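**Q** In the UniProt record's numbering, the protein residues as written are 1 to 131. Beta carbons: idealized from backbone N, C-alpha and C, even for Gly. Note that the structure is a prediction, hence the values are computed from the model and not measured.
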């Protein structure tokens with residue numbers, strides 16, 4: 001396989017994982033919100049930023065992990081990627097609690113860091129993500 005083909009496959013795999021994350025966020029997040037609304041429970045990002053930040057991370061991780069397993073990745077790589085995606089959510093909670101970041105900014109920082117850390121994990125396991 002040429003370097004160009006390997007590079008294209010790597011980029012395609014990254015894009016697939018981002019799409020899987022977004023699908024997880026929209027589908028699972030939507031189902032969660034509908035289910036909670038039916039139970040009479042609701043929360044907003046402004047009132048409960050921690051819940052929203054964690055919800056977003058979990059739904060994105062589940063979507064991405066499901067896609068990784070579907071693509072044949074083992075549990076060690078899937079869990080490593082999941083941890084890389086969870087880390088930004090955990091880190092942004094501290095400045096939210098301290099009042100340094102508002103919920104919207106924290107969510108933006110979480111997403112940018114998530115995408116960057118995903119890419120770094122993929123670079124670390126380049127052979128696994130270029131197939």
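(1) Indicate the three-state DSSP secondary structure (helix, strand or coil) for residue 115 in the structure shown.
(2) So what does DSSP say about residue 63, is it helix, strand or coil?
(3) Which of helix, strand or coil does DSSP assign to residue 44?
(4) Under 9 Å between the Cβ atoms of residue 114 and residue 52?
(5) Nearest to residue 109 by alpha carbon, out of 87, 72, 76, 40?
(6) In whole angstroms, give me the CA-to-CA distance for residue 132 and residue 8.
(7) Would you report the Cα separation of residue 119 and residue 37, rounded to the nearest angstrom?
(8) Would you mind stating whether residue 25 and residue 63 have Cβ atoms separated by less than 9 Å?
(9) Would residue 103 pass as a contact of residue 49 if the rule is Cβ separation under 9 Å?
(10) Classify residue 24 as helix, strand or coil using the three-state DSSP reduction.
(11) Report yes if the C-beta distance between residue 16 and residue 75 is below 9 Å; otherwise report no.
**A** Judging by the given coordinates:
(1) It is helical.
(2) Taken through DSSP and simplified to helix, strand or coil, residue 63 comes out as helix.
(3) Three-state result, residue 44: coil.
(4) Contact: no.
(5) 87
(6) The structure shown has nothing for residue 132, since the chain only spans 1 to 131.
(7) Rounded to whole angstroms, residue 119 to residue 37 spans 35 Å at the Cα level.
(8) yes
(9) yes
(10) DSSP places residue 24 within a helical segment (H, G or I) once states are collapsed to three.
(11) no
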